[in-house]
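Using the working numbering, the first residue of the sequence shown is number 92, and each one after it goes up by one.
Here's the structure, in structure tokens; my notes come after.
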Amino acid sequence: MAVGQTAYNATLDRLYSYVDYSLVHAGETTSAVFSLARITELLERLGNPQNSFQSIHVAGTKGKGSVCALIYQVLLSAGYRTGMYTSPHLIRFNERFQQNGLMISDEDVVENGNFVMDAIDPHNPASSFDIMTAMAFLYFKKKGIEIAVIETGLGGRLDSTNVLTPIISVITPISLDHTAFLGNTIAEIAGEKAGIIKRGVPVITMQKSGEALTVLKRVAEDREAALTDVTRHYILHGNINDAYSQRIMIARKEDQIESNADSDDSEKAIDLQLGMVGDHQITNAGIAFATLEKMAEMGFDIPIEAIHNGFSQVFWPCRFELINENPRIVLDGAHNLDSITSLIDTIRKVYPGERINLVFGVSEDKPYQAMLEKISSLTEKIILTRSEHPRSLSSQKMAALSKTDHPEVIIAEKLEMAVEMVESCDAKEIIVVTGSLFIAGGFRSIWMKKHPSLAYFKEDKGLE
Numbered sequence: 092m093a094v095g096q097t098a099y100n101a102t103l104d105r106l107y108s109y110v111d112y113s114l115v116h117a118g119e120t121t122s123a124v125f126s127l128a129r130i131t132e133l134l135e136r137l138g139n140p141q142n143s144f145q146s147i148h149v150a151g152t153k154g155k156g157s158v159c160a161l162i163y164q165v166l167l168s169a170g171y172r173t174g175m176y177t178s179p180h181l182i183r184f185n186e187r188f189q190q191n192g193l194m195i196s197d198e199d200v201v202e203n204g205n206f207v208m209d210a211i212d213p214h215n216p217a218s219s220f221d222i223m224t225a226m227a228f229l230y231f232k233k234k235g236i237e238i239a240v241i242e243t244g245l246g247g248r249l250d251s252t253n254v255l256t257p258i259i260s261v262i263t264p265i266s267l268d269h270t271a272f273l274g275n276t277i278a279e280i281a282g283e284k285a286g287i288i289k290r291g292v293p294v295i296t297m298q299k300s301g302e303a304l305t306v307l308k309r310v311a312e313d314r315e316a317a318l319t320d321v322t323r324h325y326i327l328h329g330n331i332n333d334a335y336s337q338r339i340m341i342a343r344k345e346d347q348i349e350s351n352a353d354s355d356d357s358e359k360a361i362d363l364q365l366g367m368v369g370d371h372q373i374t375n376a377g378i379a380f381a382t383l384e385k386m387a388e389m390g391f392d393i394p395i396e397a398i399h400n401g402f403s404q405v406f407w408p409c410r411f412e413l414i415n416e417n418p419r420i421v422l423d424g425a426h427n428l429d430s431i432t433s434l435i436d437t438i439r440k441v442y443p444g445e446r447i448n449l450v451f452g453v454s455e456d457k458p459y460q461a462m463l464e465k466i467s468s469l470t471e472k473i474i475l476t477r478s479e480h481p482r483s484l485s486s487q488k489m490a491a492l493s494k495t496d497h498p499e500v501i502i503a504e505k506l507e508m509a510v511e512m513v514e515s516c517d518a519k520e521i522i523v524v525t526g527s528l529f530i531a532g533g534f535r536s537i538w539m540k541k542h543p544s545l546a547y548f549k550e551d552k553g554l555e
């Protein structure tokens with residue numbers, strides 16, 4: 092029986108009445124508030140549903156969601172009953188919980204959400220993310236999920252998802268981010284991410300930072316967890332086809348293959364089409380591929396056809412996503428200096444020699460001045476805006492940021508105003524919307540309401 096919007100909204104209101112640390116300003120709390128005790132007790136009250144399925148646990152600073160989406164899509168193509176839990180959501184809460192190609196229904200949000208919240212000890216209240224995580228585990232148990240791909244929310248060691256004992260731990264590239272919670276150095280942050288490494292559980296990682304890799308290797312060795320460094324074991328090449336896809340070649344280094352993305356002379360190199368663009372997505376694809384190969388070594392049936400299908404069909408919005416052709420509008424959730432650098436590289440490869448109009452909004456705890464300076468060299472016009480998220484850069488700081496040397500900077504106090512400005516752009520222009528997932532997702536939500544033909548996750552009825 093379908094539930095009404097009132098019951099759905101009431102469930103989310105109840106859920107968000109519990110503390111949500113993602114909405115807290117960086118200076119208002121520390122890592123000391125995080126603990127696994129609450130989620131552990133809550134899951135025990137629910138019968139430990141996380142033990143009913145196998146899991147892949149994914150942490151890191153950049154690319155977690157893309158890696159999760161790739162692994163999830165391949166496992167679906169291989170015929171496994173697969174779940175995926177990610178955060179944050181871009182448009183609707185339901186996005187966080189997906190299984191067998193569908194996001195959770197409103198009915199299941201109401202049923203599972205209230206069941207979990209009814210089980211909470213009032214003397215030891217959970218956080219909203221604890222509740223969401225418990226909801227995911229309970230939902231996957233009820234749906235008979237065989238394997239779930241689980242993304243950490245923040246960090247790793249004290250993240251609510253770290254009650255899992257996965258079959259593989261995956262750690263994507265680490266850079267400076269959430270320093271108020273995770274530490275001020277790469278080594279400190281890597282130590283927090285390494286907290287997901289379990290004794291005897293294989294680890295897959297790929298790091299640009301030697302400092303991060305050193306920390307991960309040390310923790311893996313201490314816990315007798317075999318670590319696969321993708322950079323050491325694989326050769327990765329890619330050529331962008333267009334704004335929607337790229338061709339990548341993946342080969343094992345020990346095969347002694349001279350892999351070249353422009354040639355097909357190697358029978359052992361895997362030639363794949365990837366439904367996401369950019370060098371950072373080649374990295375993410377390499378991590379996902381290595382994880383899937385490790386699963387195959389463990390006895391999972393993952394035919395190469397499933398990898399071809401999964402990589403080409405993957406859909407992960409707001410990751411260099413072209414949502415409109417005339418004018419060309421690209422959404423990207425780049426939210427720190429490293430990801431902005433990757434975005435610039437992708438823009439130059441997809442649109443060589445062209446300049447862009449930039450819609451930029453950012454959270455207050457990011458290096459927003461450096462981020463804007465980095466990308467402004469490509470821009471004709473900059474539109475500064477803000478999302479509705481509490482940590483979005485204030486209007487006052489946005490006004491100060493507008494006093495840049497760039498010749499044309501406009502402030503749009505609300506994201507709706509930025510969308511209207513973009514709609515008035517010439518059909519030949521390129522507009523890139525970036526700075527945070529909340530900006531990219533918020534823009535997409537507004538655009539979808541005006542342009543309902545824009546694709547969304549399957550089975551969502553919330554925008555009709």
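From the three backbone atoms N, C-alpha and C, an ideal C-beta is built for every residue, glycine too.
Remember, it's a predicted structure, so these values are computed and weren't measured experimentally.
Item                                                                                                         : Value
Contact under 8 Å by Cβ, G138 with K234                                                                      : no
Length of the line joining the Cα atoms of S527 and G246                                                     : 18 Å
Sequence-distant residues of the same chain with beta carbon closer than 8 Å to Y230, five excluded per side : G174, F188, Q190, I195, D199, N203
Where G95 sits in the DSSP three-state scheme                                                                : coil
DSSP state of S108 mapped onto helix, strand, coil                                                           : coil
Reduced DSSP secondary structure (H/G/I, E/B, other) of S354                                                 : Low confidence applies to S354: its pLDDT is 49, below 50, so where it sits in the model is not reliable enough to give any reading.
Status (buried if at least 16 other CB within 10 Å, exposed otherwise) for A518                              : exposed
Local conformation of I130 per DSSP, three classes                                                           : helix
For R343 and T322, the rounded distance between their alpha carbons                                          : 10 Å
P408, buried or exposed, once every other Cβ within 10 Å from all chains shown has been counted against 16   : buried
CA-to-CA distance, I280 to S122, given in whole angstroms                                                    : Interpretation of S122 is limited by its pLDDT of 48, a score under 50 that renders its predicted location unreliable; no figure is taken from the coordinates.
Whole-angstrom distance between S219 and S108, CA atom to CA atom                                            : 8 Å
Simplified DSSP assignment, three categories, for T470                                                       : strand
Straight-line Cα distance separating F534 from T480                                                          : In the sequence as displayed, the identity of residue 480 is His instead of Thr. Going by the C-alpha atoms only, they are around 13 Å apart.
Nearest-angstrom Cα separation, counted from E471 out to Y325                                                : 39 Å
Environment of I259 [buried if 16+ CB atoms lie within 10 Å]                                                 : buried
Y163 versus G366 - alpha carbon distance                                                                     : 14 Å
With 16 other Cβ atoms within 10 Å as the buried cut-off, status of H542                                     : exposed
For A376, the nearest candidate out of V523, L127, I361, G390 (CA to CA)                                     : I361
Expected contact under 8 Å - CB spacing of I295 and A381 to nearest Å                                        : 5 Å
The alpha helix (DSSP H) enclosing Q164, as first and last residue numbers                                   : 155-168
Inter-residue Cα distance where the pair is I431 and I530                                                    : 14 Å
Collapsed DSSP secondary structure at G291 in the structure displayed                                        : coil
Alpha-carbon spacing of N215 relative to L106, whole angstroms                                               : 15 Å
For I195, three-class secondary structure by DSSP                                                            : coil
Nearest residue (CA-CA) to A225, options L181, G192, Y176                                                    : Y176
Span separating the alpha-carbon of S454 from that of T374                                                   : 26 Å
Where D496 falls: helix, strand or coil (DSSP)                                                               : coil
Cβ contact check for the region 143-154 and the region 253-267: 3 or more pairs under 8 Å                    : yes
For I438, three-class secondary structure by DSSP                                                            : helix
For L133 and D221, believed in contact at Cβ under 8 Å, the rounded distance                                 : 6 Å
G174 - containing beta strand (DSSP E), residue span                                                         : 173-176
F184 (DSSP reduced to helix, strand or coil)                                                                 : helix
Buried/exposed call for G154, threshold 16 Cβ in 10 Å                                                        : buried
E388 (DSSP reduced to helix, strand or coil)                                                                 : helix
C-alpha distance - A285 paired with I241, whole-angstrom precision                                           : 15 Å
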